[in-house]
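Q: Got a structure for you, written out below as structure tokens; questions coming shortly.
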Amino acid sequence: MKLIYLPSFIFLLLLPYVSSADAIDNVANLLKTGNTKELSKLFANNVEITIMEDENVYSQNQATVILDKFFARNKPKSIKLLHKINSGGNYHFGVYILNTDKGEFRVAITLKDAGKGTNVVELKIEDEKVK
Numbered sequence: 001m002k003l004i005y006l007p008s009f010i011f012l013l014l015l016p017y018v019s020s021a022d023a024i025d026n027v028a029n030l031l032k033t034g035n036t037k038e039l040s041k042l043f044a045n046n047v048e049i050t051i052m053e054d055e056n057v058y059s060q061n062q063a064t065v066i067l068d069k070f071f072a073r074n075k076p077k078s079i080k081l082l083h084k085i086n087s088g089g090n091y092h093f094g095v096y097i098l099n100t101d102k103g104e105f106r107v108a109i110t111l112k113d114a115g116k117g118t119n120v121v122e123l124k125i126e127d128e129k130v131k
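The following block contains the structure:
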């Protein structure tokens, strides 16, 4: 009888890791569609944004404007996962290749657990150098 509950117990233990990975995938899907309105809801109060060589810390509203400008110039087509890292702590990291109408970009996303969910604390968009 105890073996019946074992799979449920294991699932409950792994649930925090599944939800954090889903948060990274959710951010990636929003980037793929260029949906900055929904993406901004996931931003921390201050977000470090790097687009090419331009790096700064922005408020949620400022970060949304910066990404709107990027997506106005680079229409997203698809996104492909390179790798994800779950530190087992409060931080989660993902690297993707974003394919746009102007070329490919390497996108690095850093999320931090915050109370009821996870927030984007850093977003880097760089030219994809490796083909």
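Heads up: the sequence shown at position 53 corresponds to 53 in the UniProt record's numbering, and the numbers run straight through without jumps. Just so you know, even glycine gets a beta-carbon here, dropped at the ideal spot from N, CA and C. Please read all numbers here as calculations on a predicted model, not as lab measurements.
(1) Under the three-state reduction of DSSP, which class applies to residue 21: helix, strand or coil?
(2) Work out the CA separation of residue 25 and residue 15 for me, nearest whole Å.
(3) Go ahead and pull the three-state DSSP assignment for residue 123.
(4) Relative to the C-alpha of residue 129, which residue among 67, 66, 52 and 35 is closest?
(5) Starting from residue 80, follow its DSSP beta bridges and name the residues at the other end.
(6) Can you list, in chain order, the residues of its chain whose CB lies under 8 Å from that of residue 79, leaving out five sequence neighbours each side?
(7) Applying the criterion that 16 or more other CB atoms from any shown protein chain within 10 Å of the CB defines a buried residue, is residue 18 buried or exposed?
(8) For the alpha helix (DSSP H) containing residue 69, list its first residue and its last residue.
(9) Can you tell which of 74, 84, 115 and 88 has its C-alpha closest to the C-alpha of residue 101?
(10) Taking DSSP as the reference, what is the three-state secondary structure of residue 38?
(11) Quick check on DSSP: helix, strand or coil for residue 129?
(12) Give the secondary structure of residue 29 by DSSP, where H, G and I count as helix, E and B as strand, and everything else as coil.
(13) Among 126, 119, 125 and 104, which residue has its Cα nearest to the Cα of residue 41?
A: From the atom records:
(1) Reliability fails at residue 21, whose pLDDT of 49 lies under 50, so the model's placement of it is uncertain and the value that follows must be treated cautiously. It is helical.
(2) Low local confidence applies: a pLDDT of 46 at residue 15 is under 50, so the model's placement there is unreliable, with the coordinate-based value given in what follows. Cα to Cα, the separation comes out at about 15 Å.
(3) Assigned with DSSP and collapsed to three states, residue 123 falls in strand.
(4) In this structure, 52 is the residue among 67, 66, 52 and 35 with its C-alpha nearest to the C-alpha of residue 129.
(5) Residue 80 is bridged to 97.
(6) The answer, listed in chain order, is 28, 29, 31, 32, 96, 97, 98, 99 and 107.
(7) Note that residue 18 scores a pLDDT of 44, beneath 50, so its modelled location is shaky and nothing firm can be said.
(8) Note, residue 69: alpha helix (DSSP H), 60-73.
(9) Of the candidates 74, 84, 115 and 88, the one whose C-alpha sits nearest the C-alpha of residue 101 is 74.
(10) Annotated three-state conformation of residue 38 is helix, per DSSP.
(11) Three-state DSSP puts residue 129 in coil, outside helix and strand.
(12) If DSSP states are grouped into helix, strand and coil, residue 29 belongs with the helices.
(13) The shortest Cα separation from residue 41 among 126, 119, 125 and 104 belongs to 119.
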